[in-house]
Amino acid sequence: RWMDEIAERLDEPVVQQIGSARYLPSHSKYFRFCTSYEMQEWLLKAHVVVTHGGSSIKEIIQAGRPGVVVPRLRKHREVIDDHQVDLGAALAQRGLITLALDIQSLETALRAPPLPAAALPSPEPLIRVLRKSIDRLGS
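Structure below.
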């Protein structure tokens, strides 16, 4: 919903993948699902890519696109812990993405997106963050 609200105020088109969501955007184009090939096409066309987390972050970085991560949050009962926040913060600290935790920071990031990362840094710090998240799940 944040993207749809912001889309109304942006000067460029917004396209969203909404999956099986019940909310249908009214200020942007959208599609439910697509193939991996079609997603690559969308990534390469995008000025900036917004995602929740997971493997799409890796795809954004590999495609050399500026990325904004809006993690799902435990406090909203969207996930069981804040592992997406941890991963997003670690990637943002390394300059690979921008982390947006509210609608204001998301709109700011969309109006002045970061430059895409040129290359991935050493994966070790990220592996440590992921291991901590996995350990918390096992507790």
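First residue of the sequence shown: 769, per my numbering; consecutive thereafter. Each residue gets a CB set at the ideal place from its N, CA and C atoms; glycine is no exception. Remember, predicted model here, so these are calculated numbers, not experimental data.
By the 16-neighbour rule on beta-carbons within 10 angstroms, H851 is buried. Taking 9 Å as the cut-off, the Cβ atoms of V837 and L811 do not count as close. For G835, the enclosing beta strand (DSSP E) covers residues G835 to V837. For V853, the enclosing alpha helix (DSSP H) begins and ends at H851 to Q861. Distance from the CA atom of K813 to the CA atom of E875, rounded to whole angstroms, is 20 Å. Taking 9 Å as the cut-off, the Cβ atoms of Q784 and S794 do not count as close.
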